[in-house]
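Trainee: Quick one: structure below, then a few questions.
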Amino acid sequence: MTAPTPTSARLKLRARAASAGTGKTTAIVGDVLRSLEDTPLRRIAVVTFTQAGAADLRLRLEAGLKTLLETGQYFGYRVYPTQKPKLEAALLELGGATVTTIHGFFRKLLKLCAPDLGLDPDFENTDELESEALFRDAATQALSEVVFSETGAGKRLVAELGWDGALEALLALRSSRAYSPLSATGPLETDLLLLYTRVSSSAWARQGGRSLDPDDVEEQTLRLLEFPELLERVRGRYTRLLIDEFQDVNPVQARIFEWLNIRHTQMVGDPKQSIYAFRNADVDAFLRLFSSAEKLPQLTYSYRHGPRLAKLYSDLADRFFPDFAEVGIYNGVEGKAKDGFEQPLEFALLEAPNLDTGRRAEATFLARRFLELSASFAWSDMAVLVRTRSSLPTLTAALRDHNIPFVVQGGIGFFMRREVRDAALLLSARGHAARWLRETPRREEESVLAALCQLPTLASPLPEKGQDWLDYLEGTPRLQTLLENIARSSAESAAFLREMWTLLPLEGETGQNNLQGLLRELSLRGLTDPASAARFLESARNQRESDEPLGASAAVRILTVHSSKGLEFPVCAVFDLSRESGGSRGKVLV
């Protein structure tokens, strides 16, 4: 794809570095208020990383406008009475103002240019779960065609990896959405890319421009950049663009912001807080643009940390990020808050013969320390951060042994609960059961059969190698009866599941509630076909994190480092720091 090169003659890029707790949001609101002197709010776009961040910015902007109208000043910025009509107009426009997420902003641009891009102006927003289910549908169909074809894309891949392996490779490639230069060019990788392109095109064709997932939104916005007349339309609509949390943008998003070339563009961020590499965030994009931008005063006073903690963080940042100074970003901050402890940091170094033993000792040590601290702090004041959820079993076992109440943020996600997993399994078996009563399951179906045999109410042994399939079925009457019931059950997802759970009773009220929640989810998404519903649930189960809120229970909070960003706790421990991170792999261009 060809795309325009940003012209620095027109682009006026300003940048501000702001460490955590230094009043960044207040500064952003102040910058927007100042820009109202020569730009109406309807021509300004304020973009941030999360919906919660966008909602907070909108509320803070409303409060700032009201403060200016009532007092004539906002944190050192003063206005004259003659400027009040512009502020009043901005307050009226605030409800429809563009204060949104990155993808929310891109969607506005696409709707502005939809007919020219072949999109439905009323296109729907598809979430990641629905999008992956659609991709999985297209991949399943493509792999079926590969199996029965003599040649073509994917033949080598299926021969080498098998059906399940090829499907997992396609899903993994889609999940990475890497945009770095091609690093693997062997015949197997080439075959994978050819098949991936075919599957992606098929999934996009099924959507027909009527619905877009977040990655579609980025790809279509990149297309928009190819048309100079559409770019001029965008620049006529927006003359100022302010992007918060710029350190978290991915390379494609950074490229879009740069090529949009909106005359007054300002980025705000802190490269030390770039934690979303697993979502393809690239802090180098921030550093590259920051180095050539007009630099606004860096925010260096932390109102969140006391002097001791601020010095600790500054020293750590200098050690880990010494190169930031080369582009004009300085790591030092001065703490303006009061230190909560005389000694704010404790570091426990335990010796053990191996990591597993050390991890258990560390969990026990932490539980005992929390018991000591409980004399001065409530359980809800304490939090434990983990790098990965695989650390949870050891940690939670130690907390239970010491009678410490705890909650895991998100806990076991809804789609990982037993009733939901069993439902997905039964929905998957719906399309195979009738044939399995007559013939041996195909190789790619064996994993479904194996899981079906492990249902608690079934617990049937798997067929032995070389055993005749029909003889095996006769010897496992419970499995045969279940397959017969599945084969003659309803072809509609919700009705099918209700019928199944008259045969496989749910355990207690929790099980009933989980099933009802699942039926509502399938109904809301219009997933009436069992095969599509099964693929959706498989996609949902593979999502990284749950979005459940922390709540306010009187318990120690356990959450991942990534999900803790922006939260504060009086007592916070980081558990299992000896765990090694996985190695990185080369990326491929999609």
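In my numbering, each number is its position in the sequence shown, counted from 1, plus 135. Ideal Cβ placement from N, Cα and C applies to all residues, glycine included.
1. Taking the straight line between their C-alpha atoms, what separation do you get for Asp419 and Thr236?
2. Relative to the alpha-carbon of Phe500, which residue among Ile397, Asp711 and Val387 has its alpha-carbon at the smallest distance?
3. By DSSP, does Lys600 sit in helix, in strand, or in coil?
4. Between Thr611 and the rest of its own chain, which residues show a CB-CB distance below 6 Å, the 5 nearest in sequence each way excluded?
5. Out of Leu650, Asp191 and Ile391, state which residue places its alpha-carbon closest to the alpha-carbon of Glu729.
6. Can you tell which of Gly207, Leu584, Ala268 and Val519 has its C-alpha closest to the C-alpha of Ala666?
7. Please classify Leu712: does DSSP put it in a helix, a strand, or coil?
8. Considering only the beta carbon of each residue, do Ala288 and Arg333 sit closer than 8 Å?
9. May I have the straight-line CA-CA distance separating Ala249 from Gln355, to the nearest angstrom?
10. Is it true that the CB of Ser628 sits closer than 8 Å to the CB of Leu657?
11. For Ile179, which beta-bridge partners are listed by DSSP?
12. Which residue or residues does DSSP assign as beta-bridge partners of Ile621?
13. When you compare only the Cα positions, how much space is there between Leu597 and Leu608?
14. Taking the Cβ atom as the reference point for each residue, do Ala338 and Leu302 lie within a distance shorter than 8 Å?
15. Quick check on the burial criterion: 16 or more other C-beta atoms within 10 angstroms. Buried or exposed for Arg578?
16. Given a threshold of 16 other Cβ atoms within 10 Å of its Cβ, counted over all protein chains shown, does Phe459 qualify as buried or as exposed?
17. Taking the Cβ atom as the reference point for each residue, do Leu327 and Leu292 lie within a distance shorter than 8 Å?
18. For Gly199, count the other beta carbons within 10 Å of its own beta carbon; 16 or more makes it buried, fewer makes it exposed. Which is it?
19. Which whole-angstrom value describes the C-beta separation of Glu156 and His440, a residue pair presumed to lie in contact below a C-beta threshold of 8 Å?
20. In the structure shown, what three-state DSSP assignment does Arg368 receive?
21. Please list the terminal residues of the continuous beta strand (DSSP E) segment that includes Arg692.
22. Distance check for Thr161 and Met402, CA to CA, integer angstroms please.
23. Phe541 lies in the beta strand (DSSP E); which residues open and close that run?
24. Count the other C-beta atoms from every protein chain shown that fall within 10 angstroms of the C-beta of Val164, then say buried if there are 16 or more, exposed otherwise.
25. Could you compute how far the alpha carbon of Phe455 sits from the alpha carbon of Gln408?
26. According to DSSP, simplified to helix, strand and coil, what is Asn466?
27. Would you call Thr233 buried or exposed, if buried means 16 or more other Cβ atoms sit within 10 Å of its Cβ?
28. In three-state terms, what does DSSP make of Arg679?
29. Where do the N-terminal and C-terminal ends of the alpha helix (DSSP H) with His238 fall, by residue?
30. By Cβ distance below 8 Å, which residues in the same chain neighbour Phe421 in space, the five residues on each side in sequence not counted?
31. I need the boundaries of the alpha helix (DSSP H) containing Tyr388, first residue and last residue.
32. Work out the CA separation of Arg660 and Val281 for me, nearest whole Å.
33. Using a Cβ-Cβ distance cut-off of 8 Å, determine whether Val709 contacts chain B.
34. Kindly indicate the opening and closing residues of the alpha helix (DSSP H) around Leu444.
35. What residues in its chain sit with their C-beta under 7 Å from that of Pro256, if we drop five residues either side in the sequence?
36. Label Ser426 either buried or exposed according to how many other C-beta atoms from any shown protein chain fall within 10 Å of its C-beta, with 16 as the threshold for buried.
Mentor: Based on what the coordinates show:
1. As a first step, residue 419 must be located in the sequence shown, where it is residue number 284. As a first step, residue 236 must be located in the sequence shown, where it is residue number 101. Each residue's Cα considered, the two are about 21 Å apart.
2. Reading the sequence shown from its first residue, position 365 is the one you call residue 500. Taking only the C-alpha atoms, the option nearest Phe500 is Asp711.
3. Residue 600 sits at position 465 when you count from the first residue of the sequence shown. If DSSP states are grouped into helix, strand and coil, Lys600 belongs with coil.
4. One-based indexing of the sequence shown puts residue 611 at position 476. Around Thr611: Ser595.
5. Given a span of 136 to 725 for the chain in the structure shown, any question on residue 729 remains unanswerable.
6. Mapped onto the sequence shown, residue 666 falls at position 531. The shortest Cα separation from Ala666 among Gly207, Leu584, Ala268 and Val519 belongs to Ala268.
7. Indexing the sequence shown from 1 puts residue 712 at position 577. Here Leu712 sits in coil by DSSP.
8. By 1-based counting over the sequence shown, the position of residue 288 is 153. By 1-based counting over the sequence shown, the position of residue 333 is 198. Yes, the Cβ-Cβ distance between Ala288 and Arg333 is below 8 Å.
9. Residue 249 sits at position 114 when you count from the first residue of the sequence shown. Residue 355 sits at position 220 when you count from the first residue of the sequence shown. One C-alpha to the other measures close to 10 Å.
10. Residue numbering aside, residue 657 sits at position 522 when the sequence shown is read from its first letter. Residue numbering aside, residue 628 sits at position 493 when the sequence shown is read from its first letter. Taking 8 Å as the Cβ cut-off, Leu657 and Ser628 qualify as a contacting pair.
11. Against the sequence shown, residue 179 aligns to sequence position 44. In DSSP, Ile179 forms a bridge with Arg375.
12. Walking along the sequence shown from the start, residue 621 turns up at place 486. Bridge partners of Ile621: none, in fact.
13. Position 462 of the sequence shown, counted from the first residue, corresponds to residue 597. Position 473 of the sequence shown, counted from the first residue, corresponds to residue 608. Near 10 Å, if we compare the C-alpha coordinates of Leu608 and Leu597.
14. The residue given as residue 338 occupies position 203 in the sequence shown. The residue given as residue 302 occupies position 167 in the sequence shown. Their beta carbons are not under 8 Å apart, which means Ala338 does not touch Leu302 by this criterion.
15. Translated into the one-based positions of the sequence shown, residue 578 becomes position 443. With fewer than 16 other Cβ atoms within 10 Å, it is exposed.
16. The residue you call residue 459 lines up with position 324 of the sequence shown. Phe459 should be labelled buried.
17. Position 192 of the sequence shown, counted from the first residue, corresponds to residue 327. Position 157 of the sequence shown, counted from the first residue, corresponds to residue 292. Yes, the Cβ-Cβ distance between Leu327 and Leu292 is below 8 Å.
18. Here residue 199 corresponds to residue number 64 of the sequence shown, with the count starting at 1. That one is buried.
19. To locate residue 156, count along the sequence shown from 1; it is residue 21. To locate residue 440, count along the sequence shown from 1; it is residue 305. According to the sequence displayed, residue 156 carries Gly and not Glu. Rounded, the Cβ-Cβ distance is 6 Å, consistent with contact.
20. Position 233 of the sequence shown holds residue 368. Arg368: helix per DSSP, three-state reduction.
21. Working through the sequence shown from its first residue, we reach residue 692 at position 557. Segment Val691 to Thr695, the beta strand (DSSP E) holding Arg692.
22. Translated into the one-based positions of the sequence shown, residue 402 becomes position 267. Translated into the one-based positions of the sequence shown, residue 161 becomes position 26. Those two C-alpha atoms are separated by around 15 Å.
23. If you number the sequence shown from 1, residue 541 lands on position 406. Taken as a continuous stretch (DSSP letters only), the beta strand (DSSP E) holding Phe541 covers Phe541 to Val543.
24. If you number the sequence shown from 1, residue 164 lands on position 29. Result: buried.
25. In the sequence shown, counting from the first residue as 1, residue 455 sits at position 320. In the sequence shown, counting from the first residue as 1, residue 408 sits at position 273. Phe455 and Gln408: Cα-Cα distance of roughly 12 Å.
26. In the sequence shown, counting from the first residue as 1, residue 466 sits at position 331. Correct three-state label for Asn466: coil.
27. Sequence index remark: in the sequence shown, residue 233 carries index 98 (1-based). Flag for Thr233 reads buried.
28. Stepping through the sequence shown from its first residue, residue 679 is reached at position 544. Residue confidence for Arg679 is low, a pLDDT of 46 falling below 50, so the modelled location carries little weight and cannot support an answer.
29. Numbered from its first residue, the sequence shown carries residue 238 at position 103. It spans Ile237 to Cys248 - the alpha helix (DSSP H) in which His238 sits, taken as one unbroken run.
30. Counting from one through the sequence shown, the residue named residue 421 turns up at place 286. Phe381, Gln382, Val384, Ala389, Met402, Gly404, Pro406 and Ser409.
31. Stepping through the sequence shown from its first residue, residue 388 is reached at position 253. It should be noted that the sequence gives Gln, not Tyr, for residue 388. Here the alpha helix (DSSP H) through Gln388 covers Pro386 to Leu395.
32. Here residue 281 is taken as the residue at index 146 of the sequence shown, counted from 1. Here residue 660 is taken as the residue at index 525 of the sequence shown, counted from 1. Looking at the two C-alpha atoms, the distance is approximately 30 Å.
33. Within the model displayed, chain B is absent; a lone protein chain is all it includes.
34. As a position in the sequence shown, residue 444 is number 309, starting the count at 1. From DSSP, the alpha helix (DSSP H) with Leu444 extends over Pro442 to Phe455.
35. By one-based count along the sequence shown, residue 256 stands at place 121. Counting only Cβ-Cβ distances below 7 Å, and skipping sequence neighbours, we find Lys246, Ala249 and Pro250.
36. The sequence position of residue 426 within the sequence shown is 291, counting from 1. By the 10 Å Cβ count, Ser426 comes out exposed.
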